[in-house]
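Read through the structure below, which is laid out as structure tokens, and then see the notes.
Protein chains: 2
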Amino acid sequence: MKKIINAPERVVAEMLRGMELAHSGLIRVIHDFGVVVRADAPVQNKVALVSGGGSGHEPTHGGYVGFGMLDAACAGAVFTSPTPEQMLEATKAVDGGAGVFYVVKNYTGDVLNFEMAGELADAEGIQTDYVVTNDDVAVEDSTFTAGRRGIAGTIFVHKIAGAAAQDGKDLAGVKEIAQRANANMRSMGMALTSCIPPESGEPIFEIGDEEMEIGMGIHGEPGVERKKIEPADQIVDEMLGKILGDTVNFSGSEVAVMVNGLGATPIMELYLAYAHVADVLKREGVQVWGRPYVGEYMTSLEMAGFSITLLKLDDEMKGYLEAPCSVAAGRPF
Amino acid sequence: MKKIINAPERVVAEMLRGMELAHSGLIRVIHDFGVVVRADAPVQNKVALVSGGGSGHEPTHGGYVGFGMLDAACAGAVFTSPTPEQMLEATKAVDGGAGVFYVVKNYTGDVLNFEMAGELADAEGIQTDYVVTNDDVAVEDSTFTAGRRGIAGTIFVHKIAGAAAQDGKDLAGVKEIAQRANANMRSMGMALTSCIPPESGEPIFEIGDEEMEIGMGIHGEPGVERKKIEPADQIVDEMLGKILGDTVNFSGSEVAVMVNGLGATPIMELYLAYAHVADVLKREGVQVWGRPYVGEYMTSLEMAGFSITLLKLDDEMKGYLEAPCSVAAGRPF
Numbered sequence: 263m264k265k266i267i268n269a270p271e272r273v274v275a276e277m278l279r280g281m282e283l284a285h286s287g288l289i290r291v292i293h294d295f296g297v298v299v300r301a302d303a304p305v306q307n308k309v310a311l312v313s314g315g316g317s318g319h320e321p322t323h324g325g326y327v328g329f330g331m332l333d334a335a336c337a338g339a340v341f342t343s344p345t346p347e348q349m350l351e352a353t354k355a356v357d358g359g360a361g362v363f364y365v366v367k368n369y370t371g372d373v374l375n376f377e378m379a380g381e382l383a384d385a386e387g388i389q390t391d392y393v394v395t396n397d398d399v400a401v402e403d404s405t406f407t408a409g410r411r412g413i414a415g416t417i418f419v420h421k422i423a424g425a426a427a428q429d430g431k432d433l434a435g436v437k438e439i440a441q442r443a444n445a446n447m448r449s450m451g452m453a454l455t456s457c458i459p460p461e462s463g464e465p466i467f468e469i470g471d472e473e474m475e476i477g478m479g480i481h482g483e484p485g486v487e488r489k490k491i492e493p494a495d496q497i498v499d500e501m502l503g504k505i506l507g508d509t510v511n512f513s514g515s516e517v518a519v520m521v522n523g524l525g526a527t528p529i530m531e532l533y534l535a536y537a538h539v540a541d542v543l544k545r546e547g548v549q550v551w552g553r554p555y556v557g558e559y560m561t562s563l564e565m566a567g568f569s570i571t572l573l574k575l576d577d578e579m580k581g582y583l584e585a586p587c588s589v590a591a592g593r594p595f
Numbered sequence: 263m264k265k266i267i268n269a270p271e272r273v274v275a276e277m278l279r280g281m282e283l284a285h286s287g288l289i290r291v292i293h294d295f296g297v298v299v300r301a302d303a304p305v306q307n308k309v310a311l312v313s314g315g316g317s318g319h320e321p322t323h324g325g326y327v328g329f330g331m332l333d334a335a336c337a338g339a340v341f342t343s344p345t346p347e348q349m350l351e352a353t354k355a356v357d358g359g360a361g362v363f364y365v366v367k368n369y370t371g372d373v374l375n376f377e378m379a380g381e382l383a384d385a386e387g388i389q390t391d392y393v394v395t396n397d398d399v400a401v402e403d404s405t406f407t408a409g410r411r412g413i414a415g416t417i418f419v420h421k422i423a424g425a426a427a428q429d430g431k432d433l434a435g436v437k438e439i440a441q442r443a444n445a446n447m448r449s450m451g452m453a454l455t456s457c458i459p460p461e462s463g464e465p466i467f468e469i470g471d472e473e474m475e476i477g478m479g480i481h482g483e484p485g486v487e488r489k490k491i492e493p494a495d496q497i498v499d500e501m502l503g504k505i506l507g508d509t510v511n512f513s514g515s516e517v518a519v520m521v522n523g524l525g526a527t528p529i530m531e532l533y534l535a536y537a538h539v540a541d542v543l544k545r546e547g548v549q550v551w552g553r554p555y556v557g558e559y560m561t562s563l564e565m566a567g568f569s570i571t572l573l574k575l576d577d578e579m580k581g582y583l584e585a586p587c588s589v590a591a592g593r594p595f
């Protein structure tokens with residue numbers, strides 16, 4: 263295992279410390295609970311957004327905490343759901359009296375724990391609600407998931423629901439637009455290599471020197487097909503074929519497009535893949551809206567591979583994607 | 263070789279096509295010459311900045327083309343200097359009558375070719391000048407370099423000299439502040455793994471499963487020492503020890519800090535390393551100015567490793583680092 267770490271059991275705590283030192287005006291960290299909180303939280307009378315999940319997907323989710331996106335992010339151990347106690351602590355830290363909204367990727371542990379946190383918050387008099395994102399079209403059920411998995415499209419929900427909350431929508435309104443974004447987005451990923459969680463020190467799956475897996479999950483959950491590596495254009499064709507063949511009709515619409523690197527994919531390859539994504543979308547009558555999101559938004563440690571997300575937009579979602587925000591993660595939305 | 267590509271000989275052309283499609287309002291690409299140009303170039307009566315180098319270091323340099331940074335970037339083949347013809351084409355495309363300034367990383371091919379391009383431009387009546395960046399303290403001479411190598415600190419020169427040109431400085435003024443930035447910055451890198459250039463399909467060096475190399479160059483040039491992987495804090499201590507022990511006295515000053523991932527290093531590890539960088543700098547009386555730059559600024563394809571850069575600032579450089587810019591690369595400066 264080749265990693266720049268001090269001790270496997272301290273990676274999350276030390277990462278959070280580095281994030282806090284690097285972004286001190288933007289965030290603070292509740293270290294006892296592994297929770298990243300917007301520096302000025304709680305914001306009174308604003309619906310607060312909380313997300314979270316296993317660590318190892320950086321900049322997801324802590325990188326999206328700040329004005330106009332998340333109020334808090336719960337960092338679990340690597341690839342492990344945060345606990346209800348973490349989520350409750352985040353909830354209490356950000357509640358400004360207008361309720362707290364959870365953005366939850368569809369993994370069984372995340373969903374159960376956020377549901378439990380909601381019950382605990384209710385008992386303390388804090389109103390909560392949530393959306394479960396499930397944008398991954400690859401498989402219907404998976405290792406850690408009933409139904410479809412939530413992957414990189416979740417970042418679009420952070421941005422749109424976060425801007426809606428910043429704009430003054432109430433809890434029901436934030437939930438409605440979060441659900442609308444989730445219902446209109448579809449993603450699919452692929453992987454060339456595994457990654458190695460620091461605690462186990464072992465790859466999460468084995469894959470041959472000439473192999474790739476289409477539809478691989480962000481924790482190495484099996485995808486659609488394992489086969490010999492194909493040319494990039496053919497890989498993109500397969501991924502977009504599955505996305506465009508699903509139940510959202512993207513043709514004729516304006517669509518936000520994300521080409522998301524999983525950690526070790528050179529930026530060169532992401533742009534190279536985007537060139538063909540743009541060609542296919544043009545041919546299919548799908549209009550790329552604004553500047554596409556090409557970069558690392560939701561990673562899997564040092565996994566090589568990428569995902570594509572399409573989000574069919576309406577005017578309200580476009581406005582919220584364009585709204586100002588201030589967060590630590592790379593690309594300014 | 264596991265890559266998301268179509269054909270090794272087309273990777274640079276296809277990447278540039280993807281960049282142009284993704285950032286059409288910001289840049290255009292002169293495809294016959296592999297040159298990324300600011301969309302509104304030439305800007306009349308502004309000194310134009312041109313940089314370039316081998317591809318494989320993305321977002322360097324094309325990602326830094328736009329308002330307030332570079333006017334053009336020349337993309338060579340992977341890890342191969344661009345040709346004087348590319349540089350001349352870039353020069354002619356961006357010259358707005360106030361001269362063209364080259365930011366050149368210290369590699370023999372880059373320096374020779376930019377010098378030749380300057381002579382060719384002179385013959386066409388375009389005034390040019392240049393700075394050679396050499397921020398890497400690791401070694402004095404290297405595989406492709408006489409003197410010290412130019413690495414990630416070069417991005418600070420792009421920003422500061424770019425903002426100075428945008429601010430109306432003349433060619434001599436831009437050169438002066440570019441030299442001042444270069445003289446006040448020091449960098450050092452380390453690598454855990456090699457990368458594989460697409461055309462050769464082979465790793466550029468071999469390194470053991472438990473080994474790292476301190477001082478490794480961005481093309482795999484030998485560094486200071488090859489040894490067993492150490493804890494992150496110890497690695498940071500060695501890198502900062504060499505930087506702080508060099509000829510710039512950073513103590514007591516405000517300093518811009520970059521922790522730059524080389525391609526496959528998880529964001530988790532970059533923040534974890536930054537935590538100790540911040541501790542050491544505090545102990546040494548070095549004040550971190552503003553928000554540190556933690557992310558991928560100058561990569562080596564899928565190499566795992568990172569570099570640290572310190573830049574000792576004065577008020578003018580701070581102003582130019584803060585000045586607005588609009589470029590494709592991740593972090594907004």
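Protein chains in written order, with the working numbering: chain A, 263 to 595; chain B, 263 to 595.
Where a beta carbon is used, it is the ideal one built from N, C-alpha and C, also for glycine.
Chain B within 7 Å of residue i, Cβ atoms only
i, result
"residue 529(A)", "yes"
"residue 534(A)", "yes"
"residue 572(A)", "no"
"residue 464(A)", "no"
"residue 314(A)", "no"
"residue 563(A)", "yes"
Short CB-CB distance (under 7 Å) between residue i and chain A
i, result
"residue 495(B)", "yes"
"residue 488(B)", "no"
"residue 585(B)", "no"
"residue 589(B)", "no"
"residue 414(B)", "no"
"residue 304(B)", "no"
"residue 582(B)", "no"
Rounded Cβ spacing between residue i and residue j (contact assumed at less than 8 Å)
i, j, result
"residue 413(B)", "residue 505(B)", "Actually they do not touch by this definition, with Cβ atoms about 12 Å apart."
"residue 561(B)", "residue 476(A)", "Going by Cβ atoms, the distance from residue 561(B) to residue 476(A) rounds to 26 Å, so no, they are not a contact pair."
"residue 616(B)", "residue 296(B)", "Examination of residue 616(B) is not possible in this model, given that chain B is present from 263 through 595 alone."
"residue 533(B)", "residue 277(A)", "5 Å"
"residue 407(A)", "residue 368(A)", "6 Å"
"residue 328(B)", "residue 337(B)", "Not quite, the Cβ-Cβ distance comes to about 16 Å (not below 8 Å), so this is no contact."
"residue 570(A)", "residue 501(A)", "5 Å"
"residue 274(B)", "residue 343(B)", "Contact flag wrong, Cβ pair sits at about 13 Å."
"residue 383(B)", "residue 311(B)", "Incorrect: roughly 14 Å between the Cβ atoms, too far for contact."
Beta-carbon spacing of residue i, residue j below 7 Å
i, j, result
"residue 326(B)", "residue 420(B)", "yes"
"residue 360(A)", "residue 308(A)", "yes"
"residue 457(A)", "residue 378(A)", "no"
"residue 590(A)", "residue 551(A)", "no"
"residue 524(B)", "residue 482(B)", "no"
"residue 410(B)", "residue 508(B)", "no"
"residue 391(A)", "residue 415(A)", "no"
"residue 486(A)", "residue 400(A)", "yes"
"residue 513(A)", "residue 542(A)", "no"
"residue 422(A)", "residue 443(A)", "yes"
"residue 575(B)", "residue 516(B)", "yes"
Cross-chain neighbours of residue i in chain A, by beta carbon under 8 Å
i, result
"residue 522(B)", "Those do not exist, as residue 522(B) stays about 12 Å from chain A at its closest Cβ, beyond 8 Å."
Proximal chain B residues relative to residue i, where beta-carbon distance stays under 8 Å
i, result
"residue 284(A)", "533, 536, 540, 553, 554, 556"
Closer than 9 Å at the beta carbon, the chain A residues around residue i
i, result
"residue 525(B)", "526, 527, 528, 529"
Within chain A, partners of residue i - CB distance below 7 Å
i, result
"residue 568(B)", "266"
"residue 491(B)", "264"
task: Would you list, in chain order, the members of the stretch 500 to 520 of chain A that have their beta-carbon closer than 8 Å to a beta-carbon of chain B?
output: none
- prompt: If contact means a Cβ-Cβ distance below 9 Å, which residues of the stretch 538 to 554 of chain B contact chain A?
  reply: 538, 539, 540, 541, 550, 553, 554
- request: Anything in the stretch 264 to 280 of chain B with a Cβ closer than 7 Å to a Cβ of chain A? List those residues in chain order, please.
  value: 264, 265, 266, 267, 268, 273, 276, 277, 279, 280
message: If the cut-off is 8 Å on Cβ atoms, which residues from the stretch 358 to 391 of chain B count as contacting chain A, listed in chain order?
response: none
task: Check distances from the C-beta atoms of the stretch 316 to 335 of chain B to those of chain A and list, in chain order, the residues that come in under 8 Å.
output: 317, 318, 320, 321, 325
task: Please list the residues of the stretch 452 to 463 of chain B that have a C-beta atom closer than 9 Å to any C-beta atom in chain A, keeping them in chain order.
output: 452, 454, 455, 457, 460
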